[in-house]
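Protein sequences, first through last, are from chains A and B. Mapping to numbering that gives the first Met the number 0: the first sequence position 45 is 44, numbers consecutive. Mapping to numbering that gives the first Met the number 0: the second sequence position 86 is 85, numbers consecutive. Ideal Cβ placement from N, Cα and C applies to all residues, glycine included. See below for the structure under consideration.
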Amino acid sequence: MDNSQRTMRTSLGRVRLLGAARFGVGEAWAMRLTSLALLPLTIGFVWLLLSLLSKDYNGVREALGHPAPAIILLLFVLVGIHHMHSGMRSIILDYIHDRSKEWALVANLFFCVVLALACAYAVLRIGFV
Amino acid sequence: MATVDTASKSVRSRPLSPHLGVYKLTMTMAMSFAHRVTGVGLYIGTLLLAWWLIAVSMDAAAFAAVAWFLKSIIGRLILFGFSWALFHHALGGIRHFIWDAGHGLDDPQREWLAQATLVGGFVLTIVVWAIGYMVR
Numbered sequence: 000m001d002n003s004q005r006t007m008r009t010s011l012g013r014v015r016l017l018g019a020a021r022f023g024v025g026e027a028w029a030m031r032l033t034s035l036a037l038l039p040l041t042i043g044f045v046w047l048l049l050s051l052l053s054k055d056y057n058g059v060r061e062a063l064g065h066p067a068p069a070i071i072l073l074l075f076v077l078v079g080i081h082h083m084h085s086g087m088r089s090i091i092l093d094y095i096h097d098r099s100k101e102w103a104l105v106a107n108l109f110f111c112v113v114l115a116l117a118c119a120y121a122v123l124r125i126g127f128v
Numbered sequence: 000m001a002t003v004d005t006a007s008k009s010v011r012s013r014p015l016s017p018h019l020g021v022y023k024l025t026m027t028m029a030m031s032f033a034h035r036v037t038g039v040g041l042y043i044g045t046l047l048l049a050w051w052l053i054a055v056s057m058d059a060a061a062f063a064a065v066a067w068f069l070k071s072i073i074g075r076l077i078l079f080g081f082s083w084a085l086f087h088h089a090l091g092g093i094r095h096f097i098w099d100a101g102h103g104l105d106d107p108q109r110e111w112l113a114q115a116t117l118v119g120g121f122v123l124t125i126v127v128w129a130i131g132y133m134v135r
């Protein structure tokens, strides 16, 4: 397309930033790694919850105050929220094609960061307060 | 799609590849949807986990509130759905690993994997709930 008579913009200027962002492989790989880590962590998480069913508040708090359950919970929550951020990101990129896509991506990121920090803070507070 | 800033106004919409509506619903397709739907369910359900963790970190009154909700009929239904979504999605993830390794993509195997994901998700959920009711 010859635009030279209508605009001063070069062909490169028109297409720059419209191609691949060049971090797709990293995202795909992170999805696999978090999936792999979540398999044993999910078993640990379910096991932990089952072990808490017979306990009252003080019992739950005492159990979660030990290092191993706290570390399993922290890993499950942080790796899980990283994983769900990537998953929701691919859903947004698949289905939203207008300007609201950027806002959806920002909302997804903010939601996941707040949730991850809230969960991590709670687990640490159970252990240290 | 990103709007390309062209000087000419005569940009026609580009042809699209055939989308979901033109295909017959198959088992593998249904499990692909189910993987996404359970993923979104777990995304929202994580709010419940955050509420529970924050309540435990606070005091007995906050814990009693979340425990009351989780023990109600609606709470149990949500927990049942969350646990099913967790197991279904985990098995779906294992299925994706098998595919990533280059196995199970051909005709009978991929149907078996889809059925195993569906049945396995329910079986795991029921087994874990049975254990839960026994140990509580």
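Item, Value
"Continuous alpha helix (DSSP H) stretch holding residue 132 of chain B: start and end", "106 to 134"
"Distance between beta carbons of residue 135 of chain B and residue 53 of chain A, contact taken as under 8 Å", "6 Å"
"Buried/exposed call for residue 71 of chain A, threshold 16 Cβ in 10 Å", "buried"
"Close Cβ partners of residue 123 of chain B (< 6 Å) along its chain, the five nearest in sequence each way excluded", "86"
"For residue 128 of chain A, three-class secondary structure by DSSP", "coil"
"Inter-stretch contact at 8 Å, needing at least 3 Cβ pairs: the segment 76 to 84 of chain A / the segment 25 to 42 of chain A", "yes"
"Beta carbon proximity, residue 12 of chain A to chain B, threshold 7 Å", "no"
"The segment 108 to 128 of chain A in contact with the segment 44 to 61 of chain B per 3-pair CB rule at 8 Å", "yes"
"Pairwise C-alpha distance: residue 87 of chain A and residue 11 of chain B", "31 Å"
"Residue 18 of chain B in three-state terms, based on DSSP", "coil"
"beta-carbon residue 131 of chain B near the ligand FMN non-hydrogen atom, thresh 6 Å", "No copy of the ligand FMN occurs in the structure displayed, which carries no ligand at all."
"Neighbour list for residue 35 of chain B in chain A, Cβ cutoff strictly below 7 Å", "90"
"The alpha helix (DSSP H) enclosing residue 79 of chain A, as first and last residue numbers", "66 to 94"
"Residue 28 of chain B - DSSP class collapsed to helix/strand/coil", "helix"
"Chain A within 7 Å of residue 53 of chain B, Cβ atoms only", "yes"
"Selection from B:133, B:57, B:72 and B:80 that minimises the alpha carbon distance to residue 36 of chain B", "B:80"
"Local conformation of residue 21 of chain A per DSSP, three classes", "coil"
"Local Cβ density within 10 Å of residue 125 of chain A, reported as buried at 16 or more and exposed below that", "buried"
"Interfacial residues, the segment 90 to 112 of chain B to chain A, with Cβ spacing under 8 Å", "92, 93, 95, 96 and 99"
"Chain B contact for residue 85 of chain A (CB, 7 Å cutoff)", "no"
"Test: residue 60 of chain A CB closer than 7 Å to a CB of chain B", "yes"
"Neighbour list for residue 158 of chain A in chain B, Cβ cutoff strictly below 9 Å", "Only positions 0 to 128 of chain A appear in the structure, and residue 158 of chain A is not among them; the question remains open."
"Exposure label - residue 132 of chain B; buried when at least 16 CB within 10 Å", "exposed"
"Interface partners of residue 22 of chain B on chain A, CB under 8 Å", "Within 8 Å Cβ-Cβ: nothing; residue 22 of chain B doesn't reach chain A, min ~16 Å."
"Neighbouring residues, chain B, relative to residue 41 of chain A (Cβ below 7 Å)", "85 and 89"
"Distance between residue 72 of chain B and residue 82 of chain B (C-alpha atoms, nearest Å)", "15 Å"
"Burial state of residue 120 of chain B, where buried means 16 or more other Cβ atoms lie within 10 Å", "buried"
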